[in-house]
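Visitor: Residues in the sequence shown are numbered from 4 upward in steps of one, following my numbering.
My questions all concern the structure below.
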Amino acid sequence: MPFGLCNAPATFERLMELVLTGLIGDSCLVYLDDIIIVGRTFEEHLQNLERVLMKIQSANLKLSPKKCSLFKRQVSFLGYVVSEEGIRTDPVKIAAVKDWPVPKDKTQELKNRLCKTSILGYPDAGKEFIVDTDASDIGLGGVLSQRNGDQEIVIAYFSKSFSKPERNYCVTRRELLAVEYDFVIEHRSRKSHGNADALSRRPCPEDCKHCSRQEGKEVVSVRMLRTDQISNEWKDSLQHAQQEDSDIKPILEWMKASAPKPKWSDVSAMSSTTKSYWAQWDSLLIQDGVLCRKWENGRGDRCHLQMVVPKAKVPDVLQLYHSGCSGGHLGVKQILLKIRERFYWVHCRDDVENWRRKCTSCAAVKGAQTRSRGALKLYNVGEPWERIAIDVVGPFPESESGNKYFMVVMDYFTKWPEVFAISNQEASTVAD
């Protein structure tokens with residue numbers, strides 16, 4: 004097996020598992036070229052040793068006598084010392100803990116005890132497992148343990164460094180990265196959480212690039228608009244806008260007069276928006292002089308009030324939830340979820356989509372949505388304007404002159420483009 008190939012370790016591991024088929028897990032353990040042969044007694048160990056050697060000989064493989072150790076009560080295997088007592092950390096692995104430079108007080112005794120008791124026990128599937136996790140800015144650590152009477156025995160340690168996106172997680176999400184199964188999470192105070200918390204308090208040299216890094220933080224004061232904490236100024240402005248809105252005013256007058264639901268003949272001549280509010284008559288009510296809509300989910304276990312927004316106030320709400328400090332220029336679905344928690348108006352989705360389409364910041368940063376393209380084809384062109392390509396782009400927000408589309412014409416030979424604003428994309432308009 005040559006060195007340097009990216010698939011060499013995996014290929015060699017498959018070879019060893021194929022050669023030792025039937026013995027792995029019972030008579031031996033194997034990882035690449037490291038084979039550990041076990042036995043409860045000396046006679047059983049000799050039998051397992053003979054079976055492994057016969058398998059290796061039948062595969063025409065050879066062993067190096069200098070690298071073989073026979074009849075050992077403890078061996079170093081994959082960075083651990085394995086013995087009949089359990090799995091112990093290799094002294095080489097804990098050298099960094101012993102050599103911690105600071106502090107130089109009684110913590111030395113704590114470090115010595117930590118190094119002396121770092122024996123990993125064997126897991127018992129019949130007992131409950133305990134998972135302790137802790138995270139820092141650059142990595143996380145975890146401890147898997149079990150209780151044996153009054154003593155807590157460590158089964159395994161785990162640690163990893165964070166990737167660049169994972170460093171943006173909050174503390175809770177960082178620590179939950181170490182949990183892979185559905186465990187019951189219990190809070191443990193700092194005093195009793197030292198087994199997984201030690202590495203996050205390890206001292207660093209003064210010139211450590213991670214510790215010396217300073218992140219600039221700017222305090223931003225965001226004023227959130229809430230239905231349960233509405234200012235008098237906004238309340239008066241909303242009431243006035245509802246009374247001036249031609250679509251909401253009839254509904255508001257009927258509701259204030261405590262009249263029953265009007266008949267269809269009374270609203271048939273009104274706008275489609277008024278008809279939509281009329282269809283939701285049983286869900287409408289007036290609270291503190293403001294027309295609101297009662298929203299319930301499909302199961303009926305959640306209910307809250309939504310303020311009915313007139314046309315004049317729609318731009319203010321969209322500005323707050325999309326372009327404002329608390330907006331973040333989110334997508335259509337996210338904006339709708341945030342708006343519908345507190346507000347409602349007819350054609351809300353259409354207004355959100357148009358507002359986002361008009362946003363120059365979103366257009367400059369996010370770009371256009373990707374579309375599937377046809378296969379490229381080569382055309383032979385001999386002179387300018389011998390062959391041209393025409394495409395229509397849009398719709399865009401309507402301009403003052405009533406145009407919503409762009410017709411793009413490009414010459415195949417010179418790649419010279421011409422752009423024309425048109426009102427629609429019908430064939431007659433494009434031909435003219």
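Positions of the beta carbon are idealized from the N, C-alpha and C atoms, including for glycine.
(1) Could you tell me whether any non-hydrogen atom of the ligand MN is closer than 7 Å to the CB of Ile59?
(2) Pick out whichever of Glu16, Cys173, Gln50 has its Cα sitting closest to the Cα of Ile38.
(3) What do you get for Gly331, buried or exposed, if any count of 16 or more other CB atoms within 10 angstroms of its CB means buried?
(4) Quick one: measure Cβ to Cβ for Ile338 and His325, integer angstroms, because I've assumed they're closer than 8 Å.
(5) Here's the rule: buried if 16 or more other CB atoms are within 10 angstroms of the residue's CB, otherwise exposed. What is Lys167?
(6) Say whether chain C places a C-beta atom closer than 8 Å to the C-beta of Ala315.
(7) Taking C-alpha atoms, which residue in Ala424, Val368, Leu333, Ile122 lies nearest to Val355?
(8) Give the single residue among Glu256, Gly145, Arg305 whose Cα lies nearest to the Cα of Trp284.
(9) Could you tell me whether the segment 281–295 touches the segment 314–323, where touching means 3 or more Cβ pairs closer than 8 Å?
(10) Could you spell out the range, first to last residue, of the alpha helix (DSSP H) harbouring Lys75?
(11) Which of helix, strand or coil does DSSP assign to Thr432?
(12) In three-state terms, what does DSSP make of Gln283?
(13) If we count the other Cβ atoms within 10 Å of its Cβ and call it buried at 16 or more, is Pro313 buried or exposed?
(14) In angstroms, rounded to a whole number, what distance separates the CA positions of Ala424 and Trp358?
(15) Between which two residues does the alpha helix (DSSP H) harbouring Glu87 extend?
(16) Check whether the Cβ atoms of Val293 and Met310 lie closer than 8 Å to each other.
(17) If the criterion is Cβ atoms closer than 8 Å, does the pair Val157 and Gly124 meet it?
(18) Consult DSSP for Phe416 and reduce its assignment to one of helix, strand or coil.
(19) If you count every other CB in all the chains shown that lies within 10 Å of the CB of Tyr347, and 16 or more means buried, which is it?
(20) Let me check understanding here. Comparing Cα to Cα, which of Arg360, Lys297, Pro318 lies closest to Glu344?
(21) Would you mind reading off the limits of the beta strand (DSSP E) that contains Val22?
(22) Leaving aside the five residues before and after Gln246 along the sequence, list all residues of the same chain whose C-beta is less than 7 Å from its C-beta, in chain order.
(23) Opposite Asp135 in the DSSP bridges: which residues?
(24) Rounded to whole angstroms, what is the Cα-Cα separation between Ser279 and Glu401?
(25) Would you report the Cα separation of Glu218 and Glu88, rounded to the nearest angstrom?
(26) In chain order, which alpha helix (DSSP H) runs of at least 4 residues are fully inside the segment 250–326?
(27) With a threshold of 6 Å on Cβ separation, who are the neighbours of Ile393 within its own chain once the five nearest residues in sequence on each side are excluded?
(28) Classify Leu8: buried if its beta carbon has 16 or more other beta carbons within 10 angstroms, exposed otherwise.
(29) Roughly how many whole angstroms lie between the Cα atoms of Cys362 and Val368?
(30) Counting C-beta neighbours from all protein chains within 10 Å, is the total for Ile141 16 or more, i.e. buried, or is it exposed?
(31) Taking C-alpha atoms, which residue in Gly144, Asp102, Gly152 lies nearest to Lys163?
(32) Quick check on the burial criterion: 16 or more other C-beta atoms within 10 angstroms. Buried or exposed for Ser404?
(33) For the segment 69–77 and the segment 25–33, state whether three or more C-beta atom pairs, one from each stretch, are separated by less than 8 Å.
(34) Under 8 Å between the Cβ atoms of Gln154 and Asp127?
(35) Which residue's Cα is closest to the Cα of Val174: Ala262, Ala138, Ile59?
Guide: Concretely, from the data shown:
(1) Absence of the ligand MN is noted for the structure shown, with no ligands found whatsoever.
(2) Glu16
(3) exposed
(4) 6 Å
(5) exposed
(6) Absent from the structure is chain C; it holds one protein chain and no more.
(7) Leu333
(8) Glu256
(9) no
(10) Neither: Lys75 is in no alpha helix (DSSP H) and is coded neither H nor E.
(11) helix
(12) coil
(13) buried
(14) 21 Å
(15) Unbroken run through Glu87: none, as it is neither H nor E.
(16) yes
(17) yes
(18) coil
(19) buried
(20) Lys297
(21) Looking at the DSSP string, Val22 is not in any beta strand (DSSP E); the run it does join, the alpha helix (DSSP H), is 11–22.
(22) Lys252, Leu255
(23) Val146
(24) 26 Å
(25) Note that Glu218 scores a pLDDT of 49, beneath 50, so its modelled location is shaky and nothing firm can be said.
(26) 252–259, 267–270, 275–282, 317–321
(27) Val412
(28) exposed
(29) 10 Å
(30) exposed
(31) Gly144
(32) exposed
(33) no
(34) no
(35) Ala138
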